[in-house]
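Structure first, then comments.
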Amino acid sequence: MSQSLGWIGLGRMGEAMVKKLLQAGHGVKVWNRTRAKAEPLAEYGAQVVDSKLDLAGCDTVFTMVSTTDDLKQVLFGDGGVMTGAKKPRTVIDSSSISQEGSAQIREKLEGMGVAYLCAPVSGNAKVAKAGKLLVVASGPKALYDTNETYLAAMSRKTMWVGEGELARVWKIAHNTMFGVIIQSLCEITVLAEKAGIPRHVFLESINDSVLGSMYTRYKTPVLTKLSFEQVTFTPKLLLKDMDLGLGAGKAHGVPMPSAAATRESIARLVGRGHEDVDFAILLKETANDAGLTIAPLNVDVGDGLSS
1 MSQSLGWIGL GRMGEAMVKK LLQAGHGVKV WNRTRAKAEP LAEYGAQVVD SKLDLAGCDT
61 VFTMVSTTDD LKQVLFGDGG VMTGAKKPRT VIDSSSISQE GSAQIREKLE GMGVAYLCAP
121 VSGNAKVAKA GKLLVVASGP KALYDTNETY LAAMSRKTMW VGEGELARVW KIAHNTMFGV
181 IIQSLCEITV LAEKAGIPRH VFLESINDSV LGSMYTRYKT PVLTKLSFEQ VTFTPKLLLK
241 DMDLGLGAGK AHGVPMPSAA ATRESIARLV GRGHEDVDFA ILLKETANDA GLTIAPLNVD
301 VGDGLSS
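Written as structure tokens, this is what we have:
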């Protein structure tokens, strides 16, 4: 059954995901704190609204924001979409937030008679643009089934992992591994280059080995060309996710020594002022620690995303 859709949060990820919905033929009303970021979507058929409350009449409102507090603000804060007399029937959130914060939001929404589905994703904005996101959802199974069409429009695959906030646990685990892998990849790449293997050759070999993945492939261009200004994810956001991972480990009694070491490495990036560049700048900092000066390589390498 076709629903009227609203969307809050048009950062790099949100914008790419909305475009996929629009390209699949779904009408979407969009709101962003900075309206200028929303306006380009009008060319794709989106209706840009002036207020979050303008989305209250939608059947389903998607949210993609940075933190738990941001999500609470756009839903329940001043002018929030839930503060008017009219309310959407469903909220689907794809933000990376804590399990505890998500449970608080669920309790409040369901107390208002609004259904709630967690739907975090695997992949960055480039992956989203290529239509290769994975969406992992939790909440009532019937609610997932009702909205799977919209989730599928934004992804290569969707999965339901259970009730409640289990998708938050999945996302926290996912992004913790995300951090540990980039830490390890940067370390071994510096080792190989300092020993004499050209950086792009080593990265290609890893991508074609049993250790290669979509992740190592799509990070290869930035690690080769050192184009850290092309931001997909910042050290500050990765630090937030590593803290969520360690917090979850503590809550469930799971030792996480690799994550703990990686967290300190990412904290050092943030402490050195690398807040607004791509987190792959970790490669340069790792090289500096090894006494190696690395330079951009003018070599065309694939990212594994192009068809």
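The sequence shown runs 1 to 307 under UniProt numbering. Glycine included, every Cβ here is placed at the ideal spot set by N, Cα and C.
For Leu5, DSSP records a beta bridge to Val28, Thr60. Here the alpha carbons of Val65 and Thr158 stand approximately 20 Å from one another. Of Ala128, Ile105, Met154, the smallest CA-CA separation from Ser306 is found for Ala128.
Straight across, the Cα-Cα distance linking Gln23 with Val121 is about 19 Å. The C-beta of Gly9 has 16 or more other C-beta atoms within 10 Å across all chains shown, which makes the residue buried. Nearest in C-alpha terms to Trp160, of all of Cys186, Asp145, Gly291, His174, is Asp145. Between Ser98 and the set Gly247, Phe76, Ser265, the nearest pair of CA atoms involves Gly247. Membership of Tyr215 in any beta strand (DSSP E) is not indicated; the residue belongs instead to the alpha helix (DSSP H) covering 214-225. Here DSSP, grouped into helix, strand and coil, assigns Ile172 to helix.
In this structure, the beta-carbon distance from Ala137 to Leu109 does not fall below 8 Å. Taking every protein chain shown into account, the CB of Asp241 has 16 or more other CB atoms within 10 angstroms, so this residue is buried. Closest option to Gly6, judged by alpha-carbon separation, among Val81, Lys225, Glu43: Val81. Membership of Ala251 in any beta strand (DSSP E) is not indicated; the residue belongs instead to the alpha helix (DSSP H) covering 235-252. Note on geometry: alpha-carbon atoms of Ser209 and Ala192 lie some 15 Å from one another. For Ser258, the enclosing alpha helix (DSSP H) covers residues 257-271.
For the pair Thr293 and Cys186, the CB atoms are not nearer than the 8 Å cut-off. Short of 6 Å from the beta carbon of Ala251, and not among the five residues preceding or following it, lies no beta carbon of its own chain. For the pair Glu275 and Ala115, the Cα-to-Cα distance works out to about 35 Å. DSSP, read as helix, strand or coil, puts Met159 in strand. Between Ala290 and Lys194, the beta carbon gap of about 6 Å places them in contact (Cβ cut-off 8 Å). Counting the other Cβ atoms within 10 Å of the Cβ of Thr224 gives 16 or more, which makes it buried.
Boundaries of the alpha helix (DSSP H) harbouring Ser205: 199-207, taken from the DSSP string. With the rule of 3 Cβ pairs closer than 8 Å, the stretch 44-54 counts as touching the stretch 66-86. Looking at the backbone, the Cα of Val49 and that of Trp31 are separated by about 6 Å. Look at Ser184 here: in three-state DSSP terms it is helix. It is roughly 14 Å from the alpha-carbon of Lys171 to the alpha-carbon of Leu237. Sequence-distant partners of Leu71 (beyond 5 residues in either direction) whose C-beta falls short of 8 Å from its own C-beta, in its chain, are Thr63, Val65, Asp93, Ser95, Ile97, Gly101, Ile105.
Unbroken alpha helix (DSSP H) stretches of 4 residues or longer found wholly inside the stretch 92-148: 99-111, 125-129, given in chain order. Non-local beta-carbon contacts of Ala119 in its own chain, meaning distances under 7 Å to residues more than five positions away in sequence, involve Ile92, Asp93, Ser94, Val135, Ala137, Leu151, Ala167 in chain order.
By the 16-neighbour rule on beta-carbons within 10 angstroms, Asp300 is exposed.
Secondary structure note for Thr286: its alpha helix (DSSP H) is the uninterrupted segment 282-289. Pairing Ile182 with Leu282 gives a Cβ-Cβ distance under 8 Å.
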